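*Asks:* Handing you a structure now.
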Amino acid sequence: MVNTGVDAFDGVPRTETMKESVKQLEGKDVVPAEAAAAATASASPEPTQASNQDSKEEAIRAKLAQAKKLKDEGNGIFAKGDPKSALRKYWEAVLNLEGLAANPMQTAMGVSEGADQPDEEKDEKKLQLSMIHSNMAACYLKLENGKRALEASSKALTHNANNTKASYRHALAQIALKEHYKAQSELQVLLKKSNISASEKPLIERELSDLEKFLKAKLEKERKGLKGFLGAGLGNGPAVAIDPKATKPEEEEEEEEEEEEEKRLSAKAKGKQRAQ
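Per the working numbering, the very first residue in the sequence shown carries number 34; after that it's consecutive.
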């Protein structure tokens, strides 16, 4: 028969086996319940932290999708011939994307913009911003605002240096600002790029050809003017007095031709363009 006794602790009769089990449970090798719970909690990730990260990524994706939607709406409006209204949509899209920038605390700590964003989403944001700013440049060209067109296309190239449409519009903005030699250089560089599309190349070639014809005519005019000046004042014989009234109509005609050519180039610059 198994001995039974009364435990002094709780007065409950126990067998020897039960007493031994109690001793083991009271031993130092047994992990207390509080410690076991703490170890389990630390071993598993906090569900709130994971859900916060998922929510943040979902919010970023939603902003990118909304910006693209606004850009597409702007493209549709631009295609209908309303660059002012298209600009408003593009600005909304830009503001939407700029909301993905680093927060003020990150900026104060020297954290770069969008440091907590996945690389894929950072790249998508840059591509979207580049296309939107390029389309804004097209709007400004339509509105004959060369300065703003230059600024917008420059921003587009900051976000994506390989945006060939932005490069083309940058050159057109230079033409609108009468920076013809800068435009010529930019178009020449653009033609050498390997990523220009089959539809873009003829446009660039035609624009460059027209610009070079204009510059050649302008240079020829300047040479004629210099030659006339030298012939009149520095010839072997006495200088021949030139009646300003007699030369004025011809000079005015040449100036008018040059102005007309500049207007034609500017008109082409603001002409039919397609949004990205």
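C-beta atoms are modelled at their ideal positions from N, C-alpha and C, and glycine is treated no differently. Remember, it's a predicted structure, so these values are computed and weren't measured experimentally.
With a threshold of 16 other CB atoms inside 10 Å of the CB of L259, please say whether the residue is buried or exposed.
*Replies:* The residue in question, L259, is exposed, as its Cβ has fewer than 16 Cβ neighbours within 10 Å.
*Asks:* Which residues in the same chain as S230 place their Cβ atom closer than 8 Å to its Cβ, once the five residues preceding and following it in sequence are excluded?
*Replies:* T197, listed in sequence order.
*Asks:* Among G114, G109, A100 and A119, whose alpha-carbon lies nearest the alpha-carbon of L128?
*Replies:* Comparing Cα-Cα distances from L128 to each of G114, G109, A100 and A119, the minimum goes to A100.
*Asks:* With three or more beta-carbon pairs closer than 8 Å as the criterion, would you say the stretch 179–188 touches the stretch 201–210?
*Replies:* Enough Cβ pairs lie closer than 8 Å, so yes.
*Asks:* Please classify G114 as buried or exposed, where buried requires at least 16 neighbouring CB atoms within 10 angstroms.
*Replies:* Per the 10 Å Cβ criterion, exposed.
*Asks:* Using the Cβ count rule (16 or more neighbours within 10 Å means buried), how would you classify S227?
*Replies:* Per the 10 Å Cβ criterion, exposed.
*Asks:* Mind checking N195: buried by the 16 CB within 10 Å criterion, or exposed?
*Replies:* By the 10 Å Cβ count, N195 comes out exposed.
*Asks:* Have a look at G132 and L174 and give me their C-alpha separation to the nearest angstrom.
*Replies:* Distance between the alpha carbons of G132 and L174 is about 27 Å.
*Asks:* How would you write the range of the alpha helix (DSSP H) that E125 sits in, first residue to last?
*Replies:* From DSSP, the alpha helix (DSSP H) with E125 extends over P116 to E131.
*Asks:* Using a Cβ-Cβ cut-off of 8 Å (strictly less than) and excluding sequence neighbours within five positions of S186, which residues of its own chain qualify?
*Replies:* H166, S167, A170, A199, S200, R202, H203 and A206.
*Asks:* Return helix, strand or coil for N85, following the three-state DSSP convention.
*Replies:* Correct three-state label for N85: helix.
*Asks:* Tell me the rounded alpha-carbon separation between P235 and S163.
*Replies:* P235 and S163: Cα-Cα distance of roughly 23 Å.
*Asks:* Rounded to the nearest angstrom, how far is the Cβ of A119 from that of I110, given a contact under 8 Å?
*Replies:* The Cβ separation is near 4 Å, so the contact holds.
*Asks:* Take the Cβ of Y214 as the centre, count every other Cβ of all protein chains shown within 10 Å, and call the residue buried at 16 or more, exposed below.
*Replies:* Per the 10 Å Cβ criterion, exposed.
*Asks:* Excluding five sequence neighbours on each side, which residues of the same chain lie with their C-beta closer than 7 Å to the C-beta of Q309?
*Replies:* Closer than 7 Å at Cβ, skipping near neighbours: M164, S167, N168 and K198.
*Asks:* What separation, rounded to the nearest whole angstrom, lies between the Cα atoms of R297 and D243?
*Replies:* About 10 Å.
*Asks:* Considering Cα atoms alone, identify which of G107, K96, L252 and Q221 is closest to E238.
*Replies:* Ranking G107, K96, L252 and Q221 by Cα distance to E238 puts Q221 first.
*Asks:* Helix, strand or coil for E154? Go by DSSP, reduced to three states.
*Replies:* Three-state result, E154: helix.
*Asks:* Please state the DSSP three-state secondary structure of S227.
*Replies:* Three-state DSSP puts S227 in coil, outside helix and strand.
*Asks:* Using only CA atoms, which one of E184, C172 and K159 lies nearest to H192?
*Replies:* Selected option, being the one with the closest Cα: K159.
*Asks:* Buried or exposed: A126, going by 16 or more other Cβ atoms within 10 Å of its Cβ?
*Replies:* The residue is buried, with at least 16 neighbouring Cβ atoms inside 10 Å.
*Asks:* Applying the criterion that 16 or more other CB atoms from any shown protein chain within 10 Å of the CB defines a buried residue, is L223 buried or exposed?
*Replies:* L223 should be labelled buried.
*Asks:* Could you pull the start and end residues of the alpha helix (DSSP H) that S186 belongs to?
*Replies:* Residues G179 to H192.
*Asks:* Counting along the chain, where does the alpha helix (DSSP H) carrying S232 start and finish?
*Replies:* Per DSSP, S232 belongs to no alpha helix (DSSP H) and is neither H nor E.
*Asks:* In the structure shown, what three-state DSSP assignment does E240 receive?
*Replies:* Note: E240 maps to helix in three-state DSSP.
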